[in-house]
Each structure stands twice: as structure tokens, then as C-alpha cells.
Amino acid sequence: GATVRRVLGDGRGGGYEWVNPAGPIPRGITALGLDEDGLIEQLSVVYDAALLADDELVAAMGRVPDPREE
1 GATVRRVLGD GRGGGYEWVN PAGPIPRGIT ALGLDEDGLI EQLSVVYDAA
51 LLADDELVAA MGRVPDPREE
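This note's numbering numbers the first residue of the sequence shown as 1 and each following residue consecutively.
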């Protein structure tokens with residue numbers, strides 16, 4: 001599985017860099033945005049999707065919940 005490589009942030013949010021050398025995506029970042037009460041209001045994950053084959057990307061997107069359906 002993935003491991004955390006680096007963490008950074010302040011009172012408004014932050015994020016961490018993760019690595020997964022054995023997985024199809026070897027590294028990426030996850031960022032958290034906080035509201036004025038310090039609660040998470042935004043979560044963003046960024047990775048290089050070009051590292052995935054088309055069928056792997058389609059399969060991964062099928063596991064992501066659609067926020068419009070909540």
C-alpha cells in the first residue's frame with residue numbers, strides 16, 4: 001500500500017505526498033481544505049493518470065463516488 005512521504009500545512013489546510021512504488025501509480029498528493037471552524041470542506045487527490053492504462057483508469061473512476069448523487 002501507499003506510505004506518507006511528506007506532510008505540510010497550516011490552519012487553513014494542508015496536504016501530504018504519498019508514494020506507492022509497488023502500485024500502478026507510484027506517487028501523488030492529497031490536499032485538505034478547511035473551513036473557518038477547522039473542519040474539512042475540500043479534499044483533492046492529484047496523481048499522474050498518464051501512468052495508467054486506459055482500462056485501469058476507467059476501472060479506478062468507477063470506484064469514485066459521484067458527489068452529485070449524494
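Don't be surprised by glycine CBs; every beta carbon is placed ideally from N, CA and C.
Alpha-carbon to alpha-carbon, residue j and residue i
| i | j | result |
| --- | --- | --- |
| I25 | V45 | 12 Å |
| G15 | G1 | 18 Å |
| P21 | R68 | 33 Å |
| I99 | V4 | It is not possible to answer for residue 99, since the shown part of the chain is limited to 1 through 70. |
| E56 | A50 | 11 Å |
| W18 | G33 | 17 Å |
| R6 | Y47 | 15 Å |
| A59 | G23 | 15 Å |
Contacts around residue i, its chain only, beta-carbon distance under 8 Å, and the 5 residues preceding and following it disregarded
| i | result |
| --- | --- |
| D54 | none |
Residues of its chain near residue i, where Cβ-Cβ distance is below 6 Å and the 5 sequence neighbours each way are ignored
| i | result |
| --- | --- |
| Q42 | G33 |
Exercise. Between the segment 27 to 38 and the segment 8 to 18, are three or more C-beta pairs nearer than 8 Å?
Worked result: yes
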